[in-house]
Amino acid sequence: MTEFARVATKPVILWFRRDLRLHDNPALNHAAETGRPILPVYILDEHGERPMGAASRWWLDKSLRALDAALQERGSRLILRKGNAPTQLQALIAETGADVVFMNRLFEPETFEYDAEIAHTLKADGVECRGFNGALLCRPGEVLNGSGQPYKVFTPFLRALLATAEAPAHTTGPRQIQTPKTVQSHDLDSWKLHPRRPDWSKGFDWTPGEDGASQALSRFIPSGLKTYAKDRDFPDRQGANSRLSPHLHWGEISPWRAIDRARQAAKDGKVSSAESDKFIAEIGWREFSAHLLHHFPYIAERAFRPEYDAMPWRKDDASLKAWRQGRTGYPLVDAGMRQLWTTGWMHNRVRMVVASFLIKHLLIDWREGEAWFWDTLVDADRASNVQNWQWVAGSGADASPFFRIFNPITQGEKFDPDGGYVRRWVPELRHLPDRWLQSPWTAPAEVLRDAGIVLGRDYPKPIVEHEKGRARALAALKTVSGRG
Ligand code: FAD
1 MTEFARVATK PVILWFRRDL RLHDNPALNH AAETGRPILP VYILDEHGER PMGAASRWWL
61 DKSLRALDAA LQERGSRLIL RKGNAPTQLQ ALIAETGADV VFMNRLFEPE TFEYDAEIAH
121 TLKADGVECR GFNGALLCRP GEVLNGSGQP YKVFTPFLRA LLATAEAPAH TTGPRQIQTP
181 KTVQSHDLDS WKLHPRRPDW SKGFDWTPGE DGASQALSRF IPSGLKTYAK DRDFPDRQGA
241 NSRLSPHLHW GEISPWRAID RARQAAKDGK VSSAESDKFI AEIGWREFSA HLLHHFPYIA
301 ERAFRPEYDA MPWRKDDASL KAWRQGRTGY PLVDAGMRQL WTTGWMHNRV RMVVASFLIK
361 HLLIDWREGE AWFWDTLVDA DRASNVQNWQ WVAGSGADAS PFFRIFNPIT QGEKFDPDGG
421 YVRRWVPELR HLPDRWLQSP WTAPAEVLRD AGIVLGRDYP KPIVEHEKGR ARALAALKTV
481 SGRG
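Letter by letter, the sequence shown follows residues 1 to 484 of my numbering.
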């Protein structure tokens, strides 16, 4: 073999992270353009990031299997490695002679820095890292205000984002991917990502992977999108939301794909542009969260508005446990927390209510709630989680003011008027008439008896009275200087 031929057939590494797809994958497309064999690799390395939560591990397990199957259909396979990413990449490079690594960048500050260090290390070994953006509509830094600063308010951010972001052409990736056969891979089962003893994931009704993502979008566009703006707040309306969040988090679908399909549906007259715009704006919130965390890394741990770190949070393990277990005595809150535990997901409206209840009625630090969501959500996303918790806590950029305290009873009456959501997740209340469903303690004794409920035995009494919790929260706010 001539030197040229030997060099020309050196493989390139395609390093998968949270871009577990073959369609619309810029790193894959650029790797394929080299015409060289491709080594698709996933490295389980929790060094650079906060350790994954349990629900995320569950998802990753299935998504990697789906990605491997998709690669096999194209004549390739997924190589799995575990441990420190730069060390694993160096080992792979030594084994195969690869001299380029293609990857889609992640923009969480810790990961972003870690990647830069990796690129630096590999460069010293003569290996080039080429990074692309497959996760966001725009890279953080591409959407800045007139003074060259990051936006702190959502509406002007969204306007600038949509004016700046350019939709890339839809791509399906190469039909055939040539991968060297001899490279060793770990056994995914040995990573034990799927929970055992107990397997608490039996209620998880998801199809992780690129096909699952594309099916979720195809289900939503012709049905839920039509009434999205109106119905998205009602947790019992099946199909009213896309349920794309875990797929977007894991990069099983490009956010552009979701936007293109929504725009196309509006263009074809199948939905009004108001519905399509509303859906796109929600994807804009995902983007806003990612850009904020990138520019203000401290918000992962501390309040965006520092005065809120002086909030006199209470330490109350019993109430925190009741909240986590869905036993607060407030049916909408309990329904949400049980939906989360059972399915790994919770409806957005209910997320706002349960978060407000923890932060305001219980006066427990938002970081406790954020950590619980991190562990239990299949869509747990550092940026979206932190941004939304701080939005509810009043401490975030463009947040809802702290003094706006969701009333969990009236929220239930408004957004679960027929009680379908509460009855589904809190079945012990299913025989209670609608009138008392969101506040069982107000029901007359005979109504409770007829519904087969003894409060404090079959279903808890409220762990805090609404008015008392509210008054305590407002008093706490007064101790925070510069609030409002
Ligand atoms: P749809 O209504 O169909 O919206 C489409 C997409 O837009 C979503 O998939 C999501 O990517 C994005 N989106 C919608 N609302 C928001 C929002 N408020 N913020 C950011 N992106 C949004 N979302 C996460 O993806 N990960 C999280 O860890 C997360 N934590 C949250 C914590 C709290 C306290 C709250 C109030 C919200 C949180 N959200 C989080 C946002 C939101 O609840 C979910 O994105 C949404 O419920 C996902 O359902 P869907 O895909 O059906 O959304």
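Ideal Cβ placement from N, Cα and C applies to all residues, glycine included.
Residue i vs residue j beta-carbon contact at 7 Å
i: E287; j: L162; result: no
i: D45; j: A85; result: yes
i: E166; j: R21; result: no
i: F415; j: H294; result: no
i: S56; j: A380; result: yes
i: W389; j: E370; result: yes
i: F132; j: A27; result: yes
i: W58; j: S201; result: yes
i: A213; j: I253; result: yes
i: S395; j: F304; result: yes
i: L437; j: G419; result: yes
i: W366; j: A399; result: no
i: L217; j: R261; result: yes
i: T328; j: A322; result: yes
i: E73; j: V100; result: no
i: L144; j: G284; result: no
i: L332; j: V353; result: yes
i: L363; j: A476; result: yes
i: N29; j: T164; result: no
i: V480; j: E282; result: no
The ligand FAD heavy atom lying under 6 Å from the CB of residue i
i: R424; result: no
i: R219; result: no
i: N145; result: no
i: W256; result: no
i: D205; result: no
i: L161; result: no
i: L248; result: yes
i: W389; result: yes
i: L158; result: no
i: S190; result: no
i: L377; result: yes
i: I253; result: no
i: R263; result: no
i: E282; result: yes
i: R243; result: yes
i: W285; result: yes
i: S289; result: yes
i: N84; result: no
i: M337; result: no
i: M52; result: no
i: G233; result: Per the sequence presented here, residue 233 reads as Asp, with Gly not at that position. For the ligand FAD, not one heavy atom lies less than 6 Å from the Cβ of D233.
i: D236; result: no
i: S384; result: yes
i: R351; result: yes
Span of the alpha helix (DSSP H) around residue i
i: E210; result: 210–220
i: N385; result: 382–393
i: T104; result: Residue 104 is actually Asn in this sequence, not Thr. N104 -> not in any alpha helix (DSSP H); beta strand (DSSP E) instead, spanning 100–104.
i: Y228; result: 228–231
i: V447; result: 445–450
i: I405; result: No alpha helix (DSSP H) contains I405, which DSSP labels as neither H nor E.
i: L474; result: 466–478
i: F112; result: 109–124
Within-7 Å CB hit, residue i to chain D
i: R263; result: Protein chain content of the structure displayed is limited to a single chain, and chain D is not contained in it.
Where the beta strand (DSSP E) through residue i begins and ends
i: F132; result: 128–132
i: V271; result: First-last for V271: undefined, no H or E at that position.
i: V422; result: No beta strand (DSSP E) contains V422, which is instead part of the alpha helix (DSSP H) from 420–425.
i: W81; result: For the record, residue 81 in the displayed sequence is Arg; it is not Trp. Where R81 is concerned, the enclosing beta strand (DSSP E) stretches over 79–82.
i: F16; result: 12–16
Residue of the options minimising C-alpha distance to residue i
i: T179; options: L377, Q411, A98; result: A98
i: A160; options: A355, L28, H291, G456; result: H291
i: D233; options: S245, S272, Q411; result: Q411
i: K62; options: V183, N348, T376, W250; result: W250
i: Q176; options: I38, A262, G456; result: I38
i: R457; options: T442, S439, E428, E465; result: E428
i: S319; options: Q339, T343, N348, E368; result: E368
i: R196; options: I118, A54, P306; result: A54
i: F220; options: L340, A240, W206, C138; result: A240
i: Y42; options: F102, R74, Q238, L332; result: F102
i: L474; options: M311, E275, L332; result: M311
i: K10; options: A69, L225, A94; result: A94
i: E301; options: H361, A355, N385; result: N385
i: K360; options: F403, Q387, M337; result: F403
Point to revise | Sequence ranges, beta strand (DSSP E) only - wholly within the region 289–351, length at least 3 | key: none
Point to revise | Runs of beta strand (DSSP E) lying entirely within the region 32–64, each at least 3 residues, in chain order | key: If we require 3 residues or more, the beta strand (DSSP E) runs fully inside the region 32–64 come out as 38–44.
Practice item. Can you check the region 147–202 for any beta strand (DSSP E) of at least 3 residues that lies completely inside it and give the ranges in chain order? Key: none
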